[in-house]
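Participant: Shown below is the structure under consideration.
Numbering (full-length UniProt numbering), first residue to last: 1 to 275.
Next up, the structure:
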């Protein structure tokens with residue numbers, strides 16, 4: 001029997017990370033998140049000292065430096081570990097403290113797109129810095145509207161550059177899909193083919209996030225998230241005249257209603273089509 005007075009939250013997180021996380025399709029991202037959580041002092045608390053107040057203080061502290069969505073993800077990760085401990089590992093937790101913690105409100109969906117000149121500024125800033133590899137990741141994200149995790153998870157044996165298709169056997173929504181590639185996206189992949197590695201983009205999440213922040217700083221661009229590039233890519237597909245079902249083939253959306261928030265087309269671009 002696990003002793004609540006001698007077992008820490010860190011002990012549970014490490015066990016979950018090492019035994020459960022590797023079985024998930026999102027293992028890479030979850031391991032990164034759990035390792036980050038382990039560095040916080042709340043994880044040093046023994047289980048008998050874990051209270052709603054402890055996690056509420058964690059919430060308030062994190063909200064000073066990151067957005068509410070990030071904090072919600074963190075709190076959810078803590079709760080998942082504690083539920084696994086109680087249900088699967090016979091840890092005698094009477095309650096899950098997270099259940100009574102108020103979650104930050106979900107922010108409205110972002111519709112941030114690249115402003116005039118920002119594409120060029122990102123290009124210049126990426127190539128003159130110490131992390132020039134980030135430019136191909138950025139450009140590929142715009143060209144394909146892929147998520148960062150999908151880009152970093154691409155494997156060569158699932159890419160057909162001649163047919164310009166990238167295959168994903170297991171995606172965020174649980175379904176396999178083939179993503180058509182633009183000629184430019186295929187060209188980026190071909191340039192990386194000479195490396196002889198299993199992945200065209202052999203970078204870690206930490207490497208990409210750090211390089212992304214440095215590039216934004218050098219470019220003087222604010223309030224731009226990497227995920228905004230997916231929004232930019234999808235919006236460009238609509239501006240090219242693709243229908244919602246056609247865009248969904250690229251983006252992977254199975255619910256067409258989800259694409260409505262991505263179609264904030266620039267009035268000037270729509271106006272050109274009306275001439």
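C-beta atoms are modelled at their ideal positions from N, C-alpha and C, and glycine is treated no differently.
Note that the coordinates shown come from a computational prediction; the quantities given were computed from them, not determined experimentally.
Please classify residue 191 as buried or exposed, where buried requires at least 16 other C-beta atoms within 10 Å of its C-beta.
Facilitator: Locating residue 191 in the chain shown gives position 191, counting from the first residue. It counts as exposed.
Participant: Can you give me the C-alpha to C-alpha distance between residue 288 and residue 244, rounded to a whole angstrom?
Facilitator: The structure shown does not extend to residue 288, since the chain spans only 1 to 275, so no value can be given for it.
Participant: Give the DSSP-derived three-state secondary structure of residue 165 in the structure shown.
Facilitator: As a first step, residue 165 is located in the chain shown; it is residue number 165 there, counting from the start. Strand.
Participant: Buried or exposed, going by whether 16 or more other CB atoms sit within 10 Å of the CB of residue 3?
Facilitator: Translated into the one-based positions of the chain shown, residue 3 becomes position 3. Residue 3 comes out exposed.
Participant: Between the C-alpha atoms of residue 237 and residue 208, what's the straight-line distance to the nearest angstrom?
Facilitator: Position 237 of the chain shown, counted from the first residue, corresponds to residue 237. Position 208 of the chain shown, counted from the first residue, corresponds to residue 208. Going from the Cα of residue 237 to the Cα of residue 208 covers about 25 Å.
Participant: List the endpoints of the continuous alpha helix (DSSP H) containing residue 228.
Facilitator: Against the chain shown, residue 228 aligns to sequence position 228. 228–239 is the span of the alpha helix (DSSP H), which, as asked, contains residue 228.
Participant: For the alpha helix (DSSP H) that contains residue 213, what are its first and last residues?
Facilitator: As a first step, residue 213 is located in the chain shown; it is residue number 213 there, counting from the start. It spans 205–219 - the alpha helix (DSSP H) in which residue 213 sits, taken as one unbroken run.
Participant: Given a cut-off of 8 Å on the beta-carbon distance, is the pair residue 121 and residue 221 in contact?
Facilitator: Within the chain shown, residue 121 is the residue found at index 121, counting from 1. Within the chain shown, residue 221 is the residue found at index 221, counting from 1. In contact: residue 121 and residue 221 (Cβ atoms closer than 8 Å).
Participant: So, with DSSP's three-state summary, where would you put residue 177?
Facilitator: Taking the first residue of the chain shown as 1, we reach residue 177 at position 177. Here residue 177 sits in strand by DSSP.
Participant: In three-state DSSP terms, what is residue 138?
Facilitator: For the purposes of this step, residue 138 is taken as residue 138 along the chain shown, with counting starting at 1. DSSP places residue 138 in helix when its eight states are reduced to three.
Participant: Hey, would you say residue 141 sits closer than 8 Å to residue 134, going by beta carbons?
Facilitator: For the purposes of this step, residue 141 is identified with residue 141 of the chain shown, where counting begins at 1. For the purposes of this step, residue 134 is identified with residue 134 of the chain shown, where counting begins at 1. No, Cβ-Cβ distance for residue 141 and residue 134 is not below 8 Å.
Participant: Are there three or more Cβ pairs, one per stretch, closer than 8 Å when the stretch 55–72 is compared with the stretch 96–103?
Facilitator: The stretch 55–72, when compared against the stretch 96–103, does touch it at the 8 Å Cβ threshold.
Participant: Alpha carbons only, please: which of 39, 228, 241, 235 is nearest the one belonging to residue 112?
Facilitator: Residue 112 sits at position 112 when you count from the first residue of the chain shown. When only C-alpha atoms are compared, the closest one is 228.
Participant: Taking C-alpha atoms, which residue in 48, 168, 149 lies nearest to residue 157?
Facilitator: What you label residue 157 is simply residue 157 of the chain shown in a count that begins at 1. Residue 168 is the option with its Cα nearest to residue 157.
Participant: Give every residue of the same chain whose Cβ lies closer than 8 Å to the Cβ of residue 33, excluding the five residues on either side of it in the sequence, and list them in chain order.
Facilitator: Here residue 33 refers to the residue found at position 33 of the chain shown. Here the set comprises 73, 74, 77.
Participant: Can you list, in chain order, the residues of its chain whose CB lies under 8 Å from that of residue 155, leaving out five sequence neighbours each side?
Facilitator: Numbered from its first residue, the chain shown carries residue 155 at position 155. The residues are 198, 199.
Participant: If you draw a straight line from the alpha carbon of residue 247 to that of residue 256, how long is it in whole angstroms?
Facilitator: The residue given as residue 247 occupies position 247 in the chain shown. The residue given as residue 256 occupies position 256 in the chain shown. About 9 Å.
Participant: If you follow the alpha helix (DSSP H) that residue 184 is in, where does it begin and where does it stop?
Facilitator: Taking the first residue of the chain shown as 1, we reach residue 184 at position 184. Looking at the DSSP string, the run of the alpha helix (DSSP H) that includes residue 184 is 183–192.
Participant: Please work out which residues of its chain come closer than 8 Å, Cβ to Cβ, to residue 37, disregarding the five sequence neighbours upstream and downstream, and give them in chain order.
Facilitator: Taking the chain shown and counting its residues from 1, one reaches residue 37 at position 37. So the qualifying residues of the chain are 13, 43, 74, 77, 78.
Participant: If I measure Cβ to Cβ from residue 48 and keep anything under 7 Å in the same chain, skipping five residues before and after, which residues do I get?
Facilitator: On the chain shown, position 48 is the one that residue 48 refers to. The residues are 4, 5.
Participant: Just how far apart, CA to CA, sit residue 279 and residue 89?
Facilitator: Here the chain comprises residues numbered 1 to 275, so residue 279 is not present and cannot be evaluated.
Participant: I believe residue 143 touches residue 233 by the beta-carbon criterion, under 8 Å. Please report the beta-carbon distance rounded to the nearest angstrom.
Facilitator: In the chain shown, residue 143 corresponds to position 143, counting from 1. In the chain shown, residue 233 corresponds to position 233, counting from 1. Yes, they are in contact, since the Cβ atoms of residue 143 and residue 233 sit about 7 Å apart, within 8 Å.
Participant: Assuming the contact rule is C-beta atoms closer than 8 Å, residue 68 and residue 24 should be a hit. Round their C-beta distance to whole Å, please.
Facilitator: The residue given as residue 68 occupies position 68 in the chain shown. The residue given as residue 24 occupies position 24 in the chain shown. That belief does not hold up - the Cβ atoms of residue 68 and residue 24 are roughly 24 Å apart, past 8 Å.
Participant: Determine whether the beta carbon atoms of residue 51 and residue 7 lie at a separation below 8 Å.
Facilitator: Your numbering for residue 51 matches position 51 in the chain shown. Your numbering for residue 7 matches position 7 in the chain shown. No; because the gap between Cβ atoms is not below 8 Å, this pair is not in contact.
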